[in-house]
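Numbering (the working numbering), first residue to last: 1 to 336.
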Amino acid sequence: HGPGTGPAAGPWTVTRAKTQGVTPGFFIQDAKGDRFIIKFDPPAYQEMATSADAIACVLYWACGYNVPDNTVAFFRPEDLRIGEGANYVDERGHKRPMSQEFLDGLLAKLPRRSDGTIRAAASRLLAGKTLGPFEYRGRRKDDPEDLIPHELRRELRGLWTIAAWTNHADVRGPNSLDVWLTEGGRTFVRHHLIDFGSCLGSGALAARSYVTGSQYYVDFGVIAGSVATLGLKRFAWEPVVDPGYPSIGFIEADTFDPVGWRPDYPNPAFDERTARDARWGARILSGISDAHIRAAVARGQLTDPRAAEYLAQTLIRRRDKLVARWLDEPEAAAAP
């Protein structure tokens, strides 16, 4: 699993579609028979979610995590064929057969590039029997090899460091997927991280907020501090300036906190992390070079070179802050 080449050229057969949400999407089978889910950018932030999905996916793969094959893909409306039995679910939750008129209406909502193609994120469907997401607390009762509570697993507690680096504020159970598969004569459960469209500066449907990474959506500690100071308390993110690149959303390194970064929602494994867990993640990051980061950013196929360079520099600086704090500082090396 991990980065690949995306869907094969040639006709794509649409098997089903999703219409809920701001942006549409559908499932396809390419000319080689491989299956993908195709997703698109929000209207006001072209390239943002699709590039984040491809870039963050390869970064997590480089850090050793199981991920899907996520790539940026381009296609023309005439490349699509409606498969036998293709369907979609309407606004009332009823399953309907897909027609050419419906598909044309779906595509009409999407912007065209100058060459007439449509940009999308293509995520190859994982092999094996889908078991659903894993949680960051407890164990899978249907997996006999899952013996350690997830909140005590270093690869999940230490994931905090990589999540902080990539601004993956939506790192929680629903953005994971377990599959049951047989490989090499052995049957087992493989755990994956999926859905990276809310990483980096992308919030999937809009750019990330200035406060992302500094507080939970509902953060009682922040609320208490504001009340105690009658709203006069200043926060580190307040003077931050948006770099102004809609294609990457909002991410910065100036006020990034390599100790206090937090996701949108409390994560049980992150809450249990120790300095050793953070150092474990920082050691992984220390092996990610500037060249690796630039190669990952290139997979996002951003059309504005200034946005690509800003994103690469921001990831480099955030990596350096984390490595310096957790590997280089004496108190970090001595912490439990």
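Glycine included, each C-beta is placed from N, C-alpha and C at the ideal position.
Closest by CA to D115, which one among G83, A121, S123 and R76? The residue you call residue 115 lines up with position 115 of the sequence shown. The candidate whose alpha carbon is nearest that of D115 is R76.
Which same chain residues, not among the five before or five after T5, have their C-beta less than 6 Å away from its C-beta? Start at 1 with the first residue of the sequence shown, and residue 5 comes out as number 5. Taken in chain order, the list of residues that qualify is empty.
Closer than 6 Å by C-beta to G64: which residues in its own chain qualify, once you throw out the five before and the five after it? Chain order, please. Stepping through the sequence shown from its first residue, residue 64 is reached at position 64. Answer for G64: no residue qualifies.
DSSP has E183 in a bridge; who is on the other side? Numbered from 1 along the sequence shown, position 183 holds the residue referred to as residue 183. Paired residues: R186.
P258 versus A164, I284, H191 and A307, residue with shortest Cα-Cα distance: Taking the sequence shown and counting its residues from 1, one reaches residue 258 at position 258. Considering only alpha carbons, the answer is A164.
Whose C-alpha, out of Y60, A17, G33 and K32, is nearest the C-alpha of C199? As a first step, residue 199 is located in the sequence shown; it is residue number 199 there, counting from the start. When each option's Cα is compared against that of C199, the closest is Y60.
Identify which residue in T19, G203 and G244 has its Cα closest to the Cα of D304. As a first step, residue 304 must be located in the sequence shown, where it is residue number 304. Measuring from the Cα of D304, the nearest candidate turns out to be G244.
Between which residues of its own chain and L152 is the CB-CB distance below 6 Å, once the five residues before and five after are set aside? Sequence index remark: in the sequence shown, residue 152 carries index 152 (1-based). Correct list: empty, nothing qualifies.
Would DSSP call V58 helix, strand or coil? Numbered from its first residue, the sequence shown carries residue 58 at position 58. Helix, per DSSP.
State buried or exposed for V241, treating a residue as buried only when at least 16 other CB atoms are found within 10 Å of its CB. Mapped onto the sequence shown, residue 241 falls at position 241. When all chains shown are included, V241 counts as exposed.
Keeping to the same chain, check which residues put their C-beta closer than 6 Å to that of C57; ignore five residues upstream and five downstream. By one-based count along the sequence shown, residue 57 stands at place 57. The residues are V67, N70 and F196.
State yes or no: is the C-beta of S51 within less than 8 Å of the C-beta of L302? Taking the first residue of the sequence shown as 1, we reach residue 51 at position 51. Taking the first residue of the sequence shown as 1, we reach residue 302 at position 302. Contact flag set, yes.
So, using beta-carbon positions, are D176 and F36 closer together than 8 Å? For the purposes of this step, residue 176 is taken as the residue at position 176 of the sequence shown. For the purposes of this step, residue 36 is taken as the residue at position 36 of the sequence shown. Per the sequence shown, the amino acid found at residue 176 is Ser instead of Asp. No, the pair does not count as a contact, with Cβ atoms beyond the cut-off.
Among all the DSSP beta bridges, which residues are the ones paired with P174? Taking the sequence shown and counting its residues from 1, the one referred to as residue 174 is at position 174. DSSP lists no partner for P174.
By DSSP, does S114 sit in helix, in strand, or in coil? Along the sequence shown, read from residue 1 onward, the residue named residue 114 stands at position 114. The answer is coil: DSSP assigns S114 none of H, G, I, E or B.
Spatial neighbours of L322 within its chain, please: C-beta separation below 7 Å, excluding the five flanking residues on both sides. As a position in the sequence shown, residue 322 is number 322, starting the count at 1. Result list for L322: T161, A164, W165, P258, A282 and L285, in chain order.
Across which residues does DSSP place L193 in a beta bridge pair? Taking the first residue of the sequence shown as 1, we reach residue 193 at position 193. Paired residues: S176.
Taking Cβ positions, are R157 and E272 nearer each other than 8 Å? Here residue 157 corresponds to residue number 157 of the sequence shown, with the count starting at 1. Here residue 272 corresponds to residue number 272 of the sequence shown, with the count starting at 1. Contact: yes.
Excluding the 5 residues preceding and the 5 following W261 in the sequence, name in chain order all residues of the same chain whose CB lies nearer than 7 Å to its CB. For the purposes of this step, residue 261 is taken as residue 261 along the sequence shown, with counting starting at 1. Correct list, in chain order: A164 and G213.
Limits of the unbroken alpha helix (DSSP H) element including G105: Here the question's residue 105 lines up with position 105 in the sequence shown. Where G105 is concerned, the enclosing alpha helix (DSSP H) stretches over Q100 to A108.
Rounded to the nearest angstrom, what separates S209 and L311 at their Cα positions? Residue 209 sits at position 209 when you count from the first residue of the sequence shown. Residue 311 sits at position 311 when you count from the first residue of the sequence shown. Spanning the two alpha carbons is a distance of roughly 16 Å.
On the criterion of 16 or more Cβ atoms from any shown chain inside 10 Å, does I148 qualify as buried, or is it exposed? Here residue 148 refers to the residue found at position 148 when the sequence shown is read from its first residue. With fewer than 16 Cβ atoms within 10 Å of its Cβ, I148 is classed as exposed.
Residue from R319, N267 and H292 whose Cα sits closest to the Cα of R137: As a first step, residue 137 is located in the sequence shown; it is residue number 137 there, counting from the start. That would be N267, whose Cα lies nearest to the Cα of R137.
With DSSP as the reference, please indicate the residues paired to G201 in a beta bridge. Mapped onto the sequence shown, residue 201 falls at position 201. The partner list for G201 (beta bridge, DSSP) is empty, contrary to what the question assumes.
Helix, strand or coil for V241, going by three-state DSSP, please let me know. The residue labelled residue 241 in the question sits at position 241 within the sequence shown. V241 falls in the coil class under three-state DSSP.
CA-CA distance, T338 and G85? Nothing can be reported for residue 338: it is not among the residues displayed for the chain, which extend from 1 to 336.
Assign R119 to buried or exposed, taking buried as 16 or more other Cβ atoms, counted over all protein chains shown, within 10 Å of its Cβ. Start at 1 with the first residue of the sequence shown, and residue 119 comes out as number 119. With 16 or more Cβ atoms within 10 Å of its Cβ, R119 is classed as buried.
Terminal residues of the beta strand (DSSP E) in which L131 lies: Mapped onto the sequence shown, residue 131 falls at position 131. Looking at the DSSP string, the run of the beta strand (DSSP E) that includes L131 is K129 to G132.
Exposed or buried, which one is D170 when buried takes at least 16 other CB atoms within 10 Å? Position 170 of the sequence shown, counting from 1, holds the residue named residue 170. That one is buried.
Answer yes or no: do P249 and A207 have a C-beta to C-beta separation smaller than 8 Å? Taking the first residue of the sequence shown as position 1, residue 249 is located at position 249. Taking the first residue of the sequence shown as position 1, residue 207 is located at position 207. The sequence shown places Gly at residue 249, rather than the Pro named in the question. Contact: yes.
Starting from the C-beta of R318, find all residues in its chain whose C-beta is less than 7 Å away, skip the five residues before and the five after it, and write them out in chain order. Stepping through the sequence shown from its first residue, residue 318 is reached at position 318. Closer than 7 Å at the Cβ level, and outside the excluded window around R318, lie W165, A253 and F256.
In or out: G300 buried (at least 16 other Cβ within 10 Å) or exposed? Sequence index remark: in the sequence shown, residue 300 carries index 300 (1-based). When all chains shown are included, G300 counts as buried.
Output the distance between the C-alpha atoms of T187 and D143, rounded to the nearest integer angstrom. What you label residue 187 is simply residue 187 of the sequence shown in a count that begins at 1. What you label residue 143 is simply residue 143 of the sequence shown in a count that begins at 1. If I take the Cα positions, the gap works out to 11 Å.
Who are P97's beta bridge partners in DSSP? Locating residue 97 in the sequence shown gives position 97, where the first residue counts as 1. Paired residues: N87.
Same chain only: Cβ atoms within 8 Å of G25, ignoring 5 sequence neighbours per side: Translated into the one-based positions of the sequence shown, residue 25 becomes position 25. Within the same chain, G25 has close Cβ partners A17, K18, I37, I38, K39 and F40.
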